[in-house]
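**Q**
Numbering (the numbering used here), first residue to last: 6 to 101.
1. Considering only their Cβ atoms, is the gap separating residue 13 from residue 62 smaller than 8 Å?
2. Considering only residues of the same chain and omitting the five flanking positions on each side of residue 9, which have a CB-CB separation below 8 Å?
3. Let me confirm a value: residue 42 is counted as buried when at least 16 other C-beta atoms fall within 10 Å, else exposed. Which label applies?
4. Can you check whether the CB of residue 52 is closer than 8 Å to the CB of residue 66?
5. How would you call residue 22, buried or exposed, if buried means at least 16 neighbouring beta carbons within 10 angstroms?
6. As a quick exercise: from 70, 57, 6 and 7, pick the residue whose alpha carbon is nearest that of residue 24.
7. Would you identify the three-state DSSP class for residue 26, choosing helix, strand or coil?
8. Which residue spans inside the segment 59–97 form an unbroken alpha helix (DSSP H) run of at least 4?
9. Please report whether the beta-carbon of residue 43 lies at a distance below 8 Å from any beta-carbon of chain C.
10. Taking only the alpha-carbon atoms, compute the straight-line gap between residue 15 and residue 80 and give it to the nearest angstrom.
As structure tokens, then:
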């Protein structure tokens, strides 16, 4: 569950920050489209991508938050159970 949460956060961060799109013809190393967080409203029509719009990005963010909360709750629950298993319960005196 933790790996899934980390992967969702990594995917969200990549889509928000990584440059993408077609390369500029004058310089082969520079991409025309910057990340959504860096340039929220690109003026170039070539920078349109269905996955780089705010609605899918918010869905990926929701997926990342839900998996993080579930992973954290599962981790805390397992730690509490392991502590309860190690603690001594009420001792019953023997009848001998």
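In this text, a Cβ means the ideal position worked out from N, Cα and C, and glycines have one as well. Source: prediction; values computed, not measured.
**A** Reading from the atomic positions:
1. no
2. 72 and 76
3. exposed
4. no
5. exposed
6. 57
7. strand
8. 59–91
9. No chain C appears in the structure shown, which is made up of a single protein chain.
10. 20 Å
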